[in-house]
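Accompanying notes for the structure given below.
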Amino acid sequence: MPRTARRKGEFSTYHIIQRGNEQKNIFLKDEDRIRFLDIIGRMKKKYNFILEAYCLMDNHVHLLVNDNGNDISKIIKRINISYAYYFNHTYQRVGHLFQDRFKSEGVDNDKYLLALSAYIHNNPVIAKIVRLPEEYRWSSFNSYLGRDEIREGMVNAERVLGILSTSRKKAVDEYYKYVLNYETKEDIMDVDKDKILFLKENTGYIDSLITARQMITQVLRENQASVDALKTNNILRNELISRLRRNSSLTLKEIGELCGGLSQSMVCKILKT
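Okay, so the sequence shown: first residue is 325 according to the working numbering, each after it adds one.
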């Protein structure tokens, strides 16, 4: 069955999600992230698009891009090809680095644009990598705050900040408070229920115990394993624990109970290894 062509012209701003193939990491060290951002910088000059926000996670990327009248598919394809070539050459690997085609969602109003930018900047907080979004080096949040001199000019935050105030200082202050007080599910769903569905389907975010159990069941099925494997297959169990820790807001106690009835201290020990 042939692929359906992407719609063009209806939206000019897109939320792009690009995941690693088989959910594997696409960044193994800081030099990889630097190279990816360098590639984006080069492609910005070539295709004249506007980067409004970004966040580089270990196994996926969020980009908020205004195509500025250019072909978004061509832009992302060129970024992906360039980075995949670098990654495969650096780590002497072959095969697909990214999962299928990139996922994209049109951004059609200011309320969603504001909520989405906050969601993107909160990704490291949601994943429990940092406590505050400004502590994460690999997102555009500090550019919004005017604190990122190294990548100054790479991100255009004016449109998002302008939603809050015409005064730059006031807009930055209001945006900082908005991001810190942001509740992902409620803010996005308040705009459109399809938007949060898109995020959940394409980021792997686990927002409840029910969703976590569904994910575990799916992984066990894919590995042709029963629930008993959580007590006998340490590799599979530990991978599930790591995934739940990265992609959910569950406590260590809850993760332990889901993964074979482990204690909180045991889960903590596994995560440190």
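Just so you know, even glycine gets a beta-carbon here, dropped at the ideal spot from N, CA and C.
**Q.** Member of D395, I534, V496 whose CA lies at the smallest distance from the CA of G470
**A.** V496
**Q.** Bridge partners - I374, DSSP secondary structure assignment
**A.** N390
**Q.** S463 - partner residues in DSSP beta bridges
**A.** C379
Q. Alpha carbon to alpha carbon, what distance is there between G584 and Y409?
A. 40 Å
Q. Touching or not, the stretch 356-374 and the stretch 391-404, by the rule of three or more beta carbon pairs under 8 Å?
A. yes
Q) What residue range is occupied by the uninterrupted alpha helix (DSSP H) comprising R343? A) R343 -> not in any alpha helix (DSSP H); beta strand (DSSP E) instead, spanning 337-343.
Q. For H386, which option in N547, K353, N345, S464 has the closest C-alpha, if you only look at C-alpha atoms?
A. S464
Q: Kindly indicate which three-state DSSP category K427 falls into: helix, strand or coil?
A: strand
**Q.** Simplified DSSP state of H420, which is helix, strand or coil
**A.** coil
**Q.** When N446, I453, E476 are compared against R567, the one with the closest alpha-carbon
**A.** I453
Q. Using the beta-carbon count (16 or more within 10 Å), is H413 buried or exposed?
A. exposed
Q) By a C-beta neighbour count over all protein chains shown, 10 Å radius and 16 as the cutoff for buried, is S587 buried or exposed? A) exposed
Q) Within 6 Å: the Cβ of D382 and any heavy atom of the ligand SAH? A) Here there are no bound small molecules, and the ligand SAH is not part of this structure.
Q: To the nearest angstrom, report how far apart F426 and I350 are at their CA atoms.
A: 14 Å
Q: Return helix, strand or coil for V619, following the three-state DSSP convention.
A: No information on residue 619 is available, as it lies outside the stretch 325 to 597 that the chain covers here.
Q. D472 to Y378, Cα distance in whole Å?
A. 13 Å
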